[in-house]
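Residue numbers (this note's numbering): 71 to 191. A virtual CB, placed ideally from N, CA and C, is assigned to each residue, including glycine. Here the structure is a predicted model, which means the values were calculated and not measured. Report on the structure given below.
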């Protein structure tokens with residue numbers, strides 16, 4: 071990207087948002103405005119892609135709601151995102167997990183997981 075644009079947008083980049091990867095189960099806490107009120111809404115699912123770099127970086131989260139697949143694209147450095155929690159880490163072999171769109175039922179949420187707390191003997 072152009073170094074002038076990088077310098078201008080550097081102050082808008084939020085730190086601590088680069089820790090998740092494709093295949094991880096995440097909970098995205100969003101600020102939602104309804105009239106004068108503001109509340110936090112949680113969108114939980116599996117990250118199926120990350121695209122872009124710098125201020126233009128975005129990620130797609132997919133979840134199953136009432137038997138229907140729902141995808142939502144979030145800008146990584148959006149001020150409307152309160153925080154991003156990682157529920158489960160996974161081991162993926164691909165950079166994009168678009169094949170998850172073809173899965174039905176229980177296999178729609180199955181990803182090869184990495185155990186966070188393994189028993190060491």
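- Residue 99 is bridged by DSSP to 112 and 153.
- DSSP places residue 134 in the uninterrupted beta strand (DSSP E) bounded by 128-135.
- The shortest C-alpha to C-alpha distance from residue 140 to any of 149, 85, 92 and 170 is the one to 170.
- DSSP places residue 77 in the uninterrupted alpha helix (DSSP H) bounded by 73-79.
- DSSP, reduced to helix, strand and coil, places residue 166 outside both helices and strands of the structure shown, so it counts as coil.
- Minimum Cα-Cα distance from residue 168 among the listed residues 84, 120, 90 and 113 corresponds to 120.
- The beta carbon of residue 146 is closer than 7 Å to those of 87, 127, 128 and 129 in its chain, skipping five residues each way along the sequence.
- If you ignore the 5 residues before and after residue 96, its C-beta comes within less than 8 Å of the C-beta of 90, 114, 115, 116, 117, 131, 154, 155, 156 and 157, all in its own chain and listed in chain order.
- With a beta-carbon spacing of about 29 Å, residue 182 and residue 148 fall beyond the 8 Å limit used to define contacts.
- DSSP lists 130 as the beta-bridge partner residues of residue 119.
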